[in-house]
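*Asks:* Numbered according to the UniProt record's numbering, the sequence shown terminates at residue 185, and the numbering increases by one at each position without gaps.
Have a look at this one before I ask anything.
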Amino acid sequence: MMEEPGHQTSTFYDHYDPETGDFTDHGDHVMKLSGQRLTTYEEDNDKTTLLKQTVKYLEVRFMDINEKPLKCFDVFNLNKWPTNDMELVKHGRDDIKKLTQLYIDILTDTEHSSMLREWTIVKNLLRKKKTGINCHDLYCKLLQTQPADIQNILTLVNIMVSISPSTAECERQFSGKINMYINIK
């Protein structure tokens with residue numbers, strides 16, 4: 001959008017004459033647009049500045065998505081899993097290790113020591129179910145059923161679904177309270 005106009009803007013500029021300020025609507029109906037004369041799309045510095053500032057703001061606001069622990073939780077995204085079985089065996093081990101180290105203070109010794117073994121079980125279980133299902137729904141279903149052979153790694157899954165995507169501190173706290181309330185119910 002910064003380099004080329006979108007469909008609606010293109011349609012507008014197709015009907016607008018920046019030299020006269022006339023807007024031709026559906027063939028022969030001409031409207032004289034009053035106010036500040038519009039420039040061509042390429043010369044519109046206000047638009048360019050607005051778009052650049054918006055992109056910069058979004059990059060700064062959501063830069064934590066590429067940092068630990070959020071980046072490590074990407075390992076649970078089934079859409080990014082390799083399709084090759086040999087690659088899938090290795091997939092995610094480093095991220096699971098990083099997550100267990102990041103949350104070592106809240107994990108029990110059993111949970112911590114079982115994560116990598118259970119990660120392999122989770123991958124085998126989910127690779128069969130990954131087509132046509134929403135990742136969030138699938139992990140919520142696992143949390144509801146609590147399969148005995150993956151109970152420890154479900155602690156990480158619970159943390160993952162409890163993390164608020166919001167960058168506002170108050171919203172993250174509110175989401176955390178809601179998730180705690182749901183778990184207590």
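All residues carry an ideal CB built from backbone N, CA and C; glycine is no exception.
Given the structure is predicted, the values throughout are model-derived calculations rather than measurements.
According to DSSP, is threonine 108 part of a helix, a strand, or is it coil?
*Replies:* In the structure shown, threonine 108 sits in coil (DSSP, three-state: anything other than H, G, I, E or B).
*Asks:* Can you name the residues that DSSP bridges to phenylalanine 76?
*Replies:* Paired residues: none, contrary to the question.
*Asks:* Return the residue from the list Lys32, Arg61, Glu3 that minimises the CA-CA distance to aspartate 44.
*Replies:* The candidate whose alpha carbon is nearest that of aspartate 44 is Glu3.
*Asks:* Using the Cα positions of valine 161 and cysteine 140, report the straight-line distance between them to the nearest angstrom.
*Replies:* About 8 Å.
*Asks:* If you draw a straight line from the alpha carbon of asparagine 134 to that of arginine 117, how long is it in whole angstroms?
*Replies:* The straight-line gap from Cα to Cα measures roughly 24 Å.
*Asks:* If you run the structure through DSSP and keep just helix, strand and coil, what is tyrosine 103?
*Replies:* Coil, per DSSP.
*Asks:* Identify whether tyrosine 57 lies in helix, strand or coil by the three-state DSSP scheme.
*Replies:* In this structure, tyrosine 57 counts as helix in the three-state DSSP scheme.
*Asks:* Within 10 angstroms of the Cβ of residue 216, are there 16 or more other Cβ atoms? Answer buried if so, exposed if not.
*Replies:* Coverage of the chain is limited to positions 1 through 185, which leaves residue 216 absent and any answer about it impossible.
*Asks:* From this set, Asp149, Ser10, Pro82, Leu33, which residue's C-alpha is nearest threonine 110's C-alpha?
*Replies:* Among Asp149, Ser10, Pro82, Leu33, the Cα nearest to that of threonine 110 is on Asp149.
*Asks:* Could you round the C-beta distance between leucine 138 and lysine 129 to whole angstroms and report it? I think they count as a contact, below 8 Å.
*Replies:* Contact flag correct, Cβ pair sits at about 6 Å.
*Asks:* Where tyrosine 13 and aspartate 95 are concerned, what is the direct C-alpha to C-alpha distance, given to the nearest angstrom?
*Replies:* Those two C-alpha atoms are separated by around 49 Å.
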